[in-house]
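Numbering of the sequence shown is given in full-length UniProt numbering, commencing with residue 1 and proceeding in unit increments. Even glycine gets a Cβ: it sits at the ideal position worked out from N, Cα and C.
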Amino acid sequence: MSTVSTARDLHTVHLGDADPQSLLDFADGFIRRHIGPSDAELSEMLSSLGFKTLDEMTTATVPAEIRLDRELDIPAPRGEAEFLNALKSIASKNKVYRSCIGMGYTGTVTPPVILRNVLENPGWYTQYTPYQAEISQGRLEALLNFQTMIADLTGLPLAGASLLDEATAAAEAMGMCVAIHNHKKVGFYASDQCHPQTLALLETRARGLGVDLKIGPIEDIDFDHAGGLCGLLIQYPTTDGRIVDYRELTARAADHGCLVVAAADLLALTILEPPGQWGADVCVGSAQRFGVPMGLGGPHAAFISTHDKHARKLPGRLIGVSKDANGNRALRMAIQTREQHIRRDKATSNICTAQALLAIISSFYGVYHGPDGLTQIARRTQAYTCALAKGLSRLGHTIIGDGPIFDTIRITLGKGRTHAARQVADAARERHINLREYDDGTLGVTLDETADRGLVADLLAAFNFGHYTGFDVDALVAEAADEGMMDFGSLARTSEFMTHPVFHSHRSETQMLRYIFQLMGRDLSLAHSMIALGSCTMKLNATSEMIPVTWPEFGGIHPFAPDTQWRGYTQMFRELERWLCEVTGFAAVSLQPNAGAQGEYAGLLVIRAYHEHVAAKEGRQNVRDICLIPTSAHGTNPASAVMAGMKVVAIKCDERGDIDVDDLRTKAESHRDNLSALMVTYPSTHGVFEATIKQVCDIIHDNGGQVYMDGANMNAQVGLTSPGKCGADVCHLNLHKTFCIPHGGGGPGMGPIGVAEQLVPFLPGHPVQRPDTAGEFAIGPVSAAPYGSPSILTISYVYIAMMGSAGLKKATQVAILNANYMAQRLSKHFDVLYTDVDGRVAHEFIIDCRDFEKSANLKIEDIAKRLMDYGFHGPTMSWPVPGTLMIEPTESESKDELDRFCDAMIAIRGEIAAIENGTADREDNPLKHAPHTLGVVTSDDWSHAYSREQAAWPKAWLRDNKFWPTVGRIDNAYGDRNLVCSCPPMEDYT
Numbered sequence: 001m002s003t004v005s006t007a008r009d010l011h012t013v014h015l016g017d018a019d020p021q022s023l024l025d026f027a028d029g030f031i032r033r034h035i036g037p038s039d040a041e042l043s044e045m046l047s048s049l050g051f052k053t054l055d056e057m058t059t060a061t062v063p064a065e066i067r068l069d070r071e072l073d074i075p076a077p078r079g080e081a082e083f084l085n086a087l088k089s090i091a092s093k094n095k096v097y098r099s100c101i102g103m104g105y106t107g108t109v110t111p112p113v114i115l116r117n118v119l120e121n122p123g124w125y126t127q128y129t130p131y132q133a134e135i136s137q138g139r140l141e142a143l144l145n146f147q148t149m150i151a152d153l154t155g156l157p158l159a160g161a162s163l164l165d166e167a168t169a170a171a172e173a174m175g176m177c178v179a180i181h182n183h184k185k186v187g188f189y190a191s192d193q194c195h196p197q198t199l200a201l202l203e204t205r206a207r208g209l210g211v212d213l214k215i216g217p218i219e220d221i222d223f224d225h226a227g228g229l230c231g232l233l234i235q236y237p238t239t240d241g242r243i244v245d246y247r248e249l250t251a252r253a254a255d256h257g258c259l260v261v262a263a264a265d266l267l268a269l270t271i272l273e274p275p276g277q278w279g280a281d282v283c284v285g286s287a288q289r290f291g292v293p294m295g296l297g298g299p300h301a302a303f304i305s306t307h308d309k310h311a312r313k314l315p316g317r318l319i320g321v322s323k324d325a326n327g328n329r330a331l332r333m334a335i336q337t338r339e340q341h342i343r344r345d346k347a348t349s350n351i352c353t354a355q356a357l358l359a360i361i362s363s364f365y366g367v368y369h370g371p372d373g374l375t376q377i378a379r380r381t382q383a384y385t386c387a388l389a390k391g392l393s394r395l396g397h398t399i400i401g402d403g404p405i406f407d408t409i410r411i412t413l414g415k416g417r418t419h420a421a422r423q424v425a426d427a428a429r430e431r432h433i434n435l436r437e438y439d440d441g442t443l444g445v446t447l448d449e450t451a452d453r454g455l456v457a458d459l460l461a462a463f464n465f466g467h468y469t470g471f472d473v474d475a476l477v478a479e480a481a482d483e484g485m486m487d488f489g490s491l492a493r494t495s496e497f498m499t500h501p502v503f504h505s506h507r508s509e510t511q512m513l514r515y516i517f518q519l520m521g522r523d524l525s526l527a528h529s530m531i532a533l534g535s536c537t538m539k540l541n542a543t544s545e546m547i548p549v550t551w552p553e554f555g556g557i558h559p560f561a562p563d564t565q566w567r568g569y570t571q572m573f574r575e576l577e578r579w580l581c582e583v584t585g586f587a588a589v590s591l592q593p594n595a596g597a598q599g600e601y602a603g604l605l606v607i608r609a610y611h612e613h614v615a616a617k618e619g620r621q622n623v624r625d626i627c628l629i630p631t632s633a634h635g636t637n638p639a640s641a642v643m644a645g646m647k648v649v650a651i652k653c654d655e656r657g658d659i660d661v662d663d664l665r666t667k668a669e670s671h672r673d674n675l676s677a678l679m680v681t682y683p684s685t686h687g688v689f690e691a692t693i694k695q696v697c698d699i700i701h702d703n704g705g706q707v708y709m710d711g712a713n714m715n716a717q718v719g720l721t722s723p724g725k726c727g728a729d730v731c732h733l734n735l736h737k738t739f740c741i742p743h744g745g746g747g748p749g750m751g752p753i754g755v756a757e758q759l760v761p762f763l764p765g766h767p768v769q770r771p772d773t774a775g776e777f778a779i780g781p782v783s784a785a786p787y788g789s790p791s792i793l794t795i796s797y798v799y800i801a802m803m804g805s806a807g808l809k810k811a812t813q814v815a816i817l818n819a820n821y822m823a824q825r826l827s828k829h830f831d832v833l834y835t836d837v838d839g840r841v842a843h844e845f846i847i848d849c850r851d852f853e854k855s856a857n858l859k860i861e862d863i864a865k866r867l868m869d870y871g872f873h874g875p876t877m878s879w880p881v882p883g884t885l886m887i888e889p890t891e892s893e894s895k896d897e898l899d900r901f902c903d904a905m906i907a908i909r910g911e912i913a914a915i916e917n918g919t920a921d922r923e924d925n926p927l928k929h930a931p932h933t934l935g936v937v938t939s940d941d942w943s944h945a946y947s948r949e950q951a952a953w954p955k956a957w958l959r960d961n962k963f964w965p966t967v968g969r970i971d972n973a974y975g976d977r978n979l980v981c982s983c984p985p986m987e988d989y990t
């Protein structure tokens with residue numbers, strides 16, 4: 001029996017041997033349900049490795065120099081029902097007001113059929129990124145629908161599968177403009193009528209990229225600035241709601257070879273001329289108002305679209321149409337050679353986690369409403385806004401701007417009332433309405449699809465200083481229409497959009513429900529089987545962790561609402577920050593980065609700011625800009641370093657995969673005057689606790705640098721060691737890995753950073769709502785919202801609270817045990833590539849399959865595809881070593897599931913052996929033709945030398961539980977040669 005947890009395992013408790021107190025305490029119930037193996041199974045696995053207890057095993061595995069000498073200071077675990085009740089009490093401290101603040105965030109209605117069956121459905125939120133396209137066809141179709149919707153609405157033919165938020169999408173577009181101009185033009189102009197958080201994030205990003213950014217009135221643009229502008233950013237409509245005709249500007253920009261980026265509102269584009277038609281080269285924005293709650297800032301899917309000729313410069317993921325081995329239409333991620341894990345320091349972006357789940361929700365929102373429904377929502381929103389404007393004019397107030405109105409207006413209070421903005425805002429808050437308050441005393445109002453007559457009446461009362469006007473809202477609408485306030489003139493949309501059948505075929509809820517489940521059935525998720533992806537930690541996303549995400553007390557709050565309205569969030573932030581500090585051994589944590597790659601980038605910016613501050617105090621001019629990165633590092637590491645303005649120097653790894661300490665020392669010393677940072681992953685990227693980690697950190701510190709630790713492998717650290725204990729100065733945490741936020745088919749994620757004491761003053765700030773953790777010398781924002789994606793922080797908060805110190809430690813130990821158990825079983829059939837000196841691994845391990853190419857004419861892809869026939873998602877392929885598989889079981893999988901996966905791998909090894917010894921053909925064998933679809937197996941035409949039984953049911957368990965890939969092996973090269981990234985036009989269906 002394990003001796004590590006203070007919580008008793010109720011699998012083995014009997015009434016006869018239980019003390020009375022244990023019968024009353026069920027707080028450990030969540031721990032034993034989160035951890036897959038029972039205590040009896042743990043004992044069996046430990047014994048097979050030569051250990052009696054988990055403590056004994058991890059003492060032998062984790063280097064003594066970095067082991068924690070105390071338990072984590074985290075409260076004892078709480079029972080599921082008990083803690084959810086407590087969290088309800090915390091949530092009640094949040095006050096959900098009607099939001100009229102705007103600035104890119106609006107109220108929306110998530111259709112219940114989407115809320116229940118997508119957002120709250122583990123069949124959708126536990127999927128992995130669709131790198132294995134044959135078992136990802138459902139979400140790929142939903143994302144293709146998203147791309148089609150975005151392309152149609154923006155008037156640009158090529159749209160990506162989502163970005164993190166509108167501000168970072170604008171920053172990515174700026175970098176894209178620089179890349180399109182081959183870095184020969186680095187001037188970029190941004191209109192001061194863009195949202196303030198966007199402008200602030202552009203400033204953050206521009207500095208590291210070496211972009212000469214200027215922000216100002218659009219009429220002051222100088223196309224010769226900085227030797228010529230590579231691009232300019234405009235907002236459509238502007239942040240205060242004005243609808244500007246940019247056609248003359250885009251023509252001038254084209255004459256000067258300057259690309260135009262339009263940050264646009266999706267709903268407005270249903271009735272406004274799309275940017276692609278008036279000359280924009282790139283369009284960005286947020287899809288939040290398409291069915292995704294505000295959630296104090298996220299997560300939401302941003303979008304980006306452009307012309308086909310810029311496909312290889314487009315940041316983020318791109319879903320394309322190809323064909324499978326049988327000639328059938330199949331979807332996959334297109335031109336992946338653009339991605340950071342391949343291009344590394346030459347990448348155009350460090351994007352890793354996108355916002356797939358949120359893009360899918362917005363995609364289904366578009367399918368649910370169709371173009372007619374979306375247009376109706378836009379017209380209704382516009383009608384209420386115009387009625388409000390008309391009523392405000394009657395009250396003697398002035399609407400700034402003389403053009404047409406969509407959903408946002410800015411108001412100058414009537415004569416003699418210029419100092420009464422606070423009085424109006426207070427009157428609105430008394431009616432539970434938030435307004436946008438400008439520094440000059442004007443007020444802003446944005447309406448959305450939740451607006452109704454009552455809201456308009458309440459707003460008019462607020463602007464009448466608390467007195468209801470008695471105005472007839474319907475009459476105001478009619479009057480506004482008669483006066484042409486809703487007429488966009490030449491800027492009215494005349495082109496059709498969303499003409500594809502998918503946006504016209506699911507009008508009843510029955511049809512919509514079936515479509516959602518049809519697509520879900522094409523995807524393998526954690527609801528089907530373990531996903532043993534090394535470095536990705538696909539662990540249980542417990543239902544009780546997910547429940548609070550959709551509570552309105554967390555979802556309905558605007559990120560720029562007064563902080564007095566989100567005291568529940570504040571309490572959660574403070575407690576979560578403290579717990580994460582305890583886990584990491586650091587002094588402070590910033591929750592702002594809304595993806596792991598964003599956390600990398602933020603951590604490096606903090607290091608850079610620290611060095612600049614120290615240099616300024618010491619009167620030094622040299623810039624510390626050298627970042628040392630091991631060759632085994634994840635591709636986001638070098639990409640992030642370049643984005644942060646650093647120069648990458650590669651560090652060798654030795655034959656064991658460990659950092660070559662001599663090479664590290666040599667390069668650190670040679671760059672000692674300019675050494676900024678080392679980026680290191682721990683345990684290492686090859687799945688081993690390197691014994692030299694303290695020495696590595698000391699070398700960097702001795703040469704004036706700081707140590708950045710990639711938190712990808714924190715699931716092997718929690719409760720046993722910590723980045724601070726290892727000697728690191730900053731670490732990002734993938735909350736979508738170690739701390740249970742689900743992957744959502746490729747996002748959302750969160751990447752908070754923890755920092756040592758000397759770096760605390762530099763933690764990120766924000767121009768609109770300053771986070772409590774922002775330091776005295778805060779860097780600029782790295783995400784659009786002050787706290788990134790707060791609504792999903794509830795997941796990690798619940799996980800830590802219900803695991804407690806003992807549960808967190810046990811989870812880490814079981815993750816390491818499961819990996820070592822599997823490695824031992826598989827080592828009899830495959831070479832385990834890297835271990836420590838005693839033959840042990842951390843929480844993941846690598847099996848070497850490189851020799852099979854010569855011995856059996858097989859590539860690593862053949863093994864991954866064959867695993868699909870056994871009902872499993874392939875492990876991480878060819879990283880950090882080409883021709884290998886990295887396997888990470890996590891602590892959530894039971895011994896039965898571990899054995900089932902091992903049995904599948906062993907059976908596949910037998911199939912490989914049959915090829916090697918000539919029993920099976922080198923070309924016509926189950927691996928070469930995997931995966932096998934139901935259509936192929938049941939076809940009248942079966943010409944293979946192996947049987948249908950071996951193809952589809954190679955193990956007995958598959959007769960009871962078979963997941964069928966819906967397409968065969970996909971031809972990626974064909975898809976890249978014939979790039980199609982939107983739904984085929986209507987005539988292709990007839």
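So the beta strand (DSSP E) M886 belongs to, where does it begin and stop? 884–887
Since E141 contacts L519 with CB under 8 Å, what's their CB separation in whole angstroms? 6 Å
Using a beta-carbon distance below 9 Å, is A263 in contact with chain B? The chain inventory of the structure shown lacks chain B, comprising one protein chain alone.
Check W566 in the structure and name its three-state DSSP category. strand
Using 9 Å as the threshold, is the C-beta distance between L817 and V718 below it? no
Inter-residue spacing [alpha-carbon to alpha-carbon] between H671 and I693: 20 Å
Within this structure, are the beta carbons of I433 and D458 separated by less than 9 Å? yes
Could you name the residues that DSSP lists as bridge partners for S590? I753
How many Å lie between E166 and A359 at the Cα? 13 Å
Residues that DSSP places opposite P630 in a beta bridge: I651
Tell me the rounded alpha-carbon separation between V502 and Y105. 27 Å
The segment 892–906 / the segment 821–828 touching (three or more Cβ pairs under 8 Å): yes
Separation of S796 from N972, as counted between CA atoms: 37 Å
Inter-stretch contact (C-beta, 8 Å, three-pair minimum) for the segment 373–382 and the segment 460–479: no
Name the residue from V642, L733, D848, H843 whose alpha carbon lies nearest to the alpha carbon of L833. D848
Chain-order list of residues whose beta-carbon lies under 8 Å from that of I271 (same chain, five-residue window excluded): T375, A378, R379, Q382, F406, F488, A492, R493
Rounded to a whole number of angstroms, what is the C-alpha to C-alpha distance between V178 and L605? 20 Å
Outcome for N594 when other beta-carbon atoms lying within 10 angstroms are tallied against a minimum of 16: buried
Name, in chain order, the residues that DSSP records as bridge partners for D212. G187
So within the segment 530–587, which uninterrupted alpha helix (DSSP H) runs reach at least 4 residues, ignoring any that extend past its ends? 543–546, 552–555, 567–584
For E437, which of helix, strand or coil comes out of DSSP? strand
If you draw a straight line from the C-alpha of C194 to the C-alpha of I218, how long is it? 10 Å
Buried versus exposed, by CB contacts within 10 Å (16 or more), V837: exposed
Scan the segment 848–877 and note each continuous alpha helix (DSSP H) run of 4 residues or more that stays entirely inside, going in chain order. 852–856, 860–869
With distance defined between alpha-carbon atoms, name the residue in T721, W879, K854, M802 nearest to P64. Note that residue 64 is Ala in the sequence shown, not Pro. Out of T721, W879, K854, M802, T721 has the C-alpha closest to the C-alpha of A64.
From which residue to which residue does the beta strand (DSSP E) around H732 run? 730–732
If you pair each beta-carbon of the segment 780–797 with each one of the segment 874–888, do three or more pairs fall below 8 Å? no
Assuming N703 and S535 make a contact with CB atoms under 8 Å, what is their CB distance in whole Å? About 28 Å separates the two Cβ atoms, so there is no contact after all.
Have a look at A856, A785, T938 and flag the residue whose alpha-carbon is nearest the alpha-carbon of R909. A856
What is the rounded straight-line gap between the Cα of residue 991 and the Cα of E582? Outside the shown range of the chain (1 to 990) lies residue 991, about which nothing can therefore be said.
With burial defined as no fewer than 16 other Cβ atoms inside 10 Å of the residue's Cβ, what is the status of W579: buried or exposed? buried
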